[in-house]
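Under UniProt numbering, think of the first position of the sequence shown as 1, with each following residue one higher. For each residue, glycine too, the CB sits at the ideal point set by N, CA and C.
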Amino acid sequence: METKYMLLNVITIYMLIFWLGVISNHLGIVSLICSTLFSFIAILNYHVIAYRGLPLTFLDVYNAGMAADIGRSYAVMVNEFTIKIFLLFIVELAVGIFIAIQERKNKICWRKMSVRNIVFFFGTIICVYAGYLAVNPIKPKVTIGWLWSEAYHKYGYLACSIENGSQMSNVVKEPKEYDESIIDNITVPKEQEKDELNPDIILILNETFCDLKEITDLKTDVDYLKNIHQMENLIQGQVVVPVAGGGTNKSEYELLTSNSMELMNTSSTDPFNILKLKNANSVVSILKQKGYQTLASHSEPGTNYSRSTAYPNLGFDIVHFQDDFNKEYYGDRWYATDESLYKSLTQWYETMGENPRFLYLLTVQNHGAWDMNPPERDLVHVIDGVSEDQKEKVNEYLSCIAMSDQAFKNLTDYYSKVNRPVIICMVGDHAPAFALELIDSKYNEMEAARRLRTVPFLVWSNFELKNAQEEMISMNYVVPTILKWSGINNLSYYYNYMLSMKKNLPIVSSYDAYIDVNNNIYRYEEESPYTNLINGYLYMEYNNLEKPRRQELFEVTQ
Numbered sequence: 001m002e003t004k005y006m007l008l009n010v011i012t013i014y015m016l017i018f019w020l021g022v023i024s025n026h027l028g029i030v031s032l033i034c035s036t037l038f039s040f041i042a043i044l045n046y047h048v049i050a051y052r053g054l055p056l057t058f059l060d061v062y063n064a065g066m067a068a069d070i071g072r073s074y075a076v077m078v079n080e081f082t083i084k085i086f087l088l089f090i091v092e093l094a095v096g097i098f099i100a101i102q103e104r105k106n107k108i109c110w111r112k113m114s115v116r117n118i119v120f121f122f123g124t125i126i127c128v129y130a131g132y133l134a135v136n137p138i139k140p141k142v143t144i145g146w147l148w149s150e151a152y153h154k155y156g157y158l159a160c161s162i163e164n165g166s167q168m169s170n171v172v173k174e175p176k177e178y179d180e181s182i183i184d185n186i187t188v189p190k191e192q193e194k195d196e197l198n199p200d201i202i203l204i205l206n207e208t209f210c211d212l213k214e215i216t217d218l219k220t221d222v223d224y225l226k227n228i229h230q231m232e233n234l235i236q237g238q239v240v241v242p243v244a245g246g247g248t249n250k251s252e253y254e255l256l257t258s259n260s261m262e263l264m265n266t267s268s269t270d271p272f273n274i275l276k277l278k279n280a281n282s283v284v285s286i287l288k289q290k291g292y293q294t295l296a297s298h299s300e301p302g303t304n305y306s307r308s309t310a311y312p313n314l315g316f317d318i319v320h321f322q323d324d325f326n327k328e329y330y331g332d333r334w335y336a337t338d339e340s341l342y343k344s345l346t347q348w349y350e351t352m353g354e355n356p357r358f359l360y361l362l363t364v365q366n367h368g369a370w371d372m373n374p375p376e377r378d379l380v381h382v383i384d385g386v387s388e389d390q391k392e393k394v395n396e397y398l399s400c401i402a403m404s405d406q407a408f409k410n411l412t413d414y415y416s417k418v419n420r421p422v423i424i425c426m427v428g429d430h431a432p433a434f435a436l437e438l439i440d441s442k443y444n445e446m447e448a449a450r451r452l453r454t455v456p457f458l459v460w461s462n463f464e465l466k467n468a469q470e471e472m473i474s475m476n477y478v479v480p481t482i483l484k485w486s487g488i489n490n491l492s493y494y495y496n497y498m499l500s501m502k503k504n505l506p507i508v509s510s511y512d513a514y515i516d517v518n519n520n521i522y523r524y525e526e527e528s529p530y531t532n533l534i535n536g537y538l539y540m541e542y543n544n545l546e547k548p549r550r551q552e553l554f555e556v557t558q
């Protein structure tokens, strides 16, 4: 980090401590409290990055319950970094105690304090303006892009957290040169109602389900995806998710709404916590117009990412959380197995009515950490492709993936005997956090960014799909794609626009780039042959998120 950015972060901290001290009239006590708080945040942030692959943000306050739930599976790391933080904390405590003692000893001179406060007041204005608010501030106003680490490492955690916090007040960003008249002038064709199958749809977002061979030349003693590789009647594609090494709720949001995270003002936004989802347009609203009964399920607490309110707000008829599942576990791991969740899902499926059924499940089996089981419980062992110190966690992770592979086969075996048309789609939500350590250095920056966000996309059915093919797409395309393959007609104008756009732009990412069918990469802010095409999508998404919206664009066309 450059000296000027380091000084900006340090000065910002001391300005905060000073003014809290002035307000409370107890600078020493404030110093002690702030030293404790900042040291705790530093150690917590270190662990959050190590295990989740993303830094601690203001939005994590909403997920304190989830943090406590997940934190039980992570060990506190004692290493050079945490020891340094602890030693600095001891020094800060000593300074704070010294200041507190001096405050009690010395008689207050209000005149001197007033002069001091006036000097610091103008100093604060100068620092805040020069550091953050000027036309060309020391820290640029927008720095957090497709790779959070670049900004945080260059400009500092506190400075970037201030940027992150300021963006929370305006979650959705308006697309460049947004023109409402373009939306108003769209003619929505009225399609004639056609015969359609309306199959039962099971949509599974599988926690940390990823093939590490996408990022490194990995060799193992067994094929951890052997069933998937051998299955018949299975479409095997790939999906590019919003975030590398984390961000379940971002993937969940793109999957269910088909909106891109690109329009979120900050990459750390967790949509279910921030957006107003009441009556939001989604796969749920589309399928309910088609007469579907809908069910959403997740085996963890409903408070995680506000899902207990988000799922009903999206329109799900039935919602199941933690205590509704009959859970089984893999060894000493905390998280319920895919197999046990699928059994519960199937029980609920069998109790639903005769109308077509849509069931959504978010799994948790493969969640980190990956050092809970003893080595003898590992089902898969790495031979080559990772360092020795990484093998233990990779072995446990791949063992979990092998269990997901077997569970998926068992699930499809069951539904192959069901006397109703059924389509099952399973997609990963993101790679494990340690994937960032494994990425092969032969890939350039943008190729590495894409590979770190690439997860399997599996579609199985007990009937013939229409024009289904293996492809690599971004997460927002998944639902329109499987609905089209299923033979469901009269999709919304929004979905149909996306399906047409996918022919040219199969990957619309949220890391400041989109990719065409020839693997050419374009930045959103740059002119390209597809600028009008991508803008049409982003304009509709913005209209979808901001009220009033043109609702007929997002409803079935009949």
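Exercise for the section: Could you check how far apart the C-beta atoms of V364 and Y335 are, in whole angstroms? I think they sit under 8 Å. Expected result: Position 364 of the sequence shown holds residue 364. Position 335 of the sequence shown holds residue 335. Rounded, the Cβ-Cβ distance is 5 Å, consistent with contact.
Problem - Proximity below 8 Å, CB of T220 to CB of V10 - result: As a position in the sequence shown, residue 220 is number 220, starting the count at 1. As a position in the sequence shown, residue 10 is number 10, starting the count at 1. Contact flag unset, no.
Problem - Which of helix, strand or coil DSSP assigns to I41 - result: Here residue 41 refers to the residue found at position 41 when the sequence shown is read from its first residue. If DSSP states are grouped into helix, strand and coil, I41 belongs with the helices.
Handout entry: Outcome for Q238 when other beta-carbon atoms lying within 10 angstroms are tallied against a minimum of 16
Key = For the purposes of this step, residue 238 is identified with residue 238 of the sequence shown, where counting begins at 1. Looking at its Cβ environment, which holds 16 or more other Cβ atoms inside 10 Å, Q238 is buried.
Problem - Contact under 8 Å by Cβ, G428 with T208 - result: Position 428 of the sequence shown, counted from the first residue, corresponds to residue 428. Position 208 of the sequence shown, counted from the first residue, corresponds to residue 208. Yes; because the gap between Cβ atoms is below 8 Å, this pair is in contact.
Problem - Assigned secondary structure, D179 (DSSP; H/G/I helix, E/B strand, else coil) - result: In the sequence shown, counting from the first residue as 1, residue 179 sits at position 179. When secondary structure is reduced to three states using DSSP, D179 falls in the coil class, being assigned neither helix nor strand.
Problem - Cβ-based neighbour list, F120, same chain, cut-off 7 Å, excluding 5 preceding and 5 following - result: As a first step, residue 120 is located in the sequence shown; it is residue number 120 there, counting from the start. In chain order, F18 place their CB closer than 7 Å to the CB of F120, counting only its own chain and leaving out the 5 sequence neighbours on each side.
Problem - Counted within 10 angstroms of its Cβ, other Cβ atoms place S161 as buried (16 or more) or exposed - result: Reading the sequence shown from its first residue, position 161 is the one you call residue 161. Classification of S161: buried, given that the 10 Å Cβ count is 16 or more.
Problem - Cα-Cα separation between E555 and E470, rounded to whole angstroms - result: Locating residue 555 in the sequence shown gives position 555, where the first residue counts as 1. Locating residue 470 in the sequence shown gives position 470, where the first residue counts as 1. If you take the alpha carbons of E555 and E470, they lie about 28 Å apart.
Exercise for the section: Report the rounded CA-to-CA distance for E541 versus L553, giving the unit in angstroms. Expected result: By one-based count along the sequence shown, residue 541 stands at place 541. By one-based count along the sequence shown, residue 553 stands at place 553. Distance between the alpha carbons of E541 and L553 is about 10 Å.
Handout entry: Beta-ladder partner(s) of R357, from DSSP
Key = Locating residue 357 in the sequence shown gives position 357, counting from the first residue. Q293, per the DSSP bridge assignment.
Exercise for the section: Could you tell me whether the Cβ of K502 comes closer than 8 Å to any Cβ of chain C? Expected result: Note that chain C does not occur in the displayed structure, where there is just one protein chain.
Exercise for the section: Classify M231 as helix, strand or coil using the three-state DSSP reduction. Expected result: In the sequence shown, the residue the question calls residue 231 occupies position 231. Coil at M231, not helix or strand.
Practice task
Label A134 either buried or exposed according to how many other C-beta atoms from any shown protein chain fall within 10 Å of its C-beta, with 16 as the threshold for buried.
Solution key: On the sequence shown, position 134 is the one that residue 134 refers to. Around the Cβ of A134, a 10 Å sphere holds fewer than 16 other Cβ atoms; the residue is exposed.
Problem - Own chain, CB closer than 6 Å to G302, minus 5 neighbours either side, in chain order - result: Translated into the one-based positions of the sequence shown, residue 302 becomes position 302. The residues are S308, F321.
Practice task
Measure the beta-carbon distance from R420 to V243 and round it to whole angstroms, keeping in mind my assumption that it falls under 8 Å.
Solution key: Taking the first residue of the sequence shown as 1, we reach residue 420 at position 420. Taking the first residue of the sequence shown as 1, we reach residue 243 at position 243. Under the criterion of beta carbons closer than 8 Å, R420 and V243 do not qualify as touching, at roughly 36 Å.
Problem - Cβ neighbour criterion (16 or more within 10 Å) applied to T351 - result: Against the sequence shown, residue 351 aligns to sequence position 351. Exposed, because fewer than 16 other Cβ atoms sit within 10 Å of the Cβ of T351.
Exercise for the section: Tell me whether G428 sits in a helix, a strand or coil according to DSSP, three-state version. Expected result: Here residue 428 refers to the residue found at position 428 of the sequence shown. Strand.
Problem - Within the stretch 294-359, ranges of the beta strand (DSSP E) (whole runs, at least 3 residues) - result: Here the runs fully enclosed are 318-320.
Exercise for the section: Verify whether the separation of the beta carbon atoms of G131 and A433 is less than 8 Å. Expected result: For the purposes of this step, residue 131 is taken as the residue at position 131 of the sequence shown. For the purposes of this step, residue 433 is taken as the residue at position 433 of the sequence shown. Going by C-beta atoms, G131 is not nearer than 8 Å to A433.
Exercise for the section: Determine the contact status of M264 and V172, defining contact as a CB-CB distance below 8 Å. Expected result: Here residue 264 refers to the residue found at position 264 when the sequence shown is read from its first residue. Here residue 172 refers to the residue found at position 172 when the sequence shown is read from its first residue. Taking the C-beta atoms as reference points, V172 is found nearer than 8 Å to M264.
Practice task
Identify, in the order they occur along the chain, each residue of the same chain with its Cβ nearer than 8 Å to the Cβ of M6, setting aside the five sequence neighbours on each side.
Solution key: Start at 1 with the first residue of the sequence shown, and residue 6 comes out as number 6. Take M6, set aside five residues on each side of it, and the residues of its chain with a beta-carbon closer than 8 Å to its own are G156, in chain order.
Handout entry: V479 and L255 closer than 8 Å at C-beta
Key = Mapped onto the sequence shown, residue 479 falls at position 479. Mapped onto the sequence shown, residue 255 falls at position 255. Yes, Cβ-Cβ distance for V479 and L255 is below 8 Å.
Practice task
Would you check if the distance between the CB atom of V508 and the CB atom of N476 is smaller than 8 Å?
Solution key: Within the sequence shown, numbered from 1, the residue matching residue 508 stands at position 508. Within the sequence shown, numbered from 1, the residue matching residue 476 stands at position 476. Result yes, Cβ atoms of V508 and N476 sit closer than 8 Å.
Exercise for the section: Starting from T454, trace the beta strand (DSSP E) both ways and give me its first and last residue. Expected result: Position 454 of the sequence shown, counted from the start, is the residue given in the question as residue 454. Start and end: 454-461.
Exercise for the section: Let me know if L359 comes out buried or exposed under the rule of 16 or more other beta-carbons within 10 Å of its beta-carbon. Expected result: Translated into positions along the sequence shown, residue 359 becomes position 359. A residue is called buried when at least 16 other Cβ atoms come within 10 angstroms of its Cβ; L359 meets this threshold and is buried.
Problem - Inter-stretch contact (C-beta, 8 Å, three-pair minimum) for the stretch 437-451 and the stretch 220-237 - result: No, because fewer than three Cβ pairs between the stretch 437-451 and the stretch 220-237 fall closer than 8 Å, the two stretches do not touch.
Practice task
From the DSSP output, in three-state form, read off N416 for me.
Solution key: Sequence index remark: in the sequence shown, residue 416 carries index 416 (1-based). What sits at residue 416 in the sequence shown is Ser, not Asn. Residue state, collapsed to three classes: coil.
Problem - Selected residue, minimal CA-CA separation from I202, among L16, Y493, C109, Y349 - result: For the purposes of this step, residue 202 is identified with residue 202 of the sequence shown, where counting begins at 1. The option with the nearest alpha carbon to I202 is Y349.
Exercise for the section: State the beta-bridge partners of L362 as determined by DSSP. Expected result: As a position in the sequence shown, residue 362 is number 362, starting the count at 1. Under DSSP, L362 shares a beta bridge with L205, H298.
Practice task
Give the DSSP-derived three-state secondary structure of G237 in the structure shown.
Solution key: Against the sequence shown, residue 237 aligns to sequence position 237. Assigned with DSSP and collapsed to three states, G237 falls in strand.
Problem - Supposed contact pair F463 and P199 - C-beta distance, whole angstroms, cut 8 Å - result: Numbered from its first residue, the sequence shown carries residue 199 at position 199. Numbered from its first residue, the sequence shown carries residue 463 at position 463. Contact holds; Cβ gap of about 7 Å.
Handout entry: With 16 other Cβ atoms within 10 Å as the buried cut-off, status of K547
Key = The residue given as residue 547 occupies position 547 in the sequence shown. Exposure of K547 is indicated by the presence of fewer than 16 other C-beta atoms within 10 angstroms of its C-beta.
Practice task
Name the two residues that bound the continuous beta strand (DSSP E) containing I473.
Solution key: Residue mapping note: residue 473 aligns to position 473 of the sequence shown, counting from 1. Where I473 is concerned, the enclosing beta strand (DSSP E) stretches over 472-474.
Practice task
Please confirm whether V188 and T557 have their CB atoms less than 8 Å apart.
Solution key: Locating residue 188 in the sequence shown gives position 188, counting from the first residue. Locating residue 557 in the sequence shown gives position 557, counting from the first residue. Going by C-beta atoms, V188 is nearer than 8 Å to T557.
Problem - The beta strand (DSSP E) enclosing I383, as first and last residue numbers - result: Here residue 383 is taken as the residue at index 383 of the sequence shown, counted from 1. Boundaries of the beta strand (DSSP E) around I383: 382-384.
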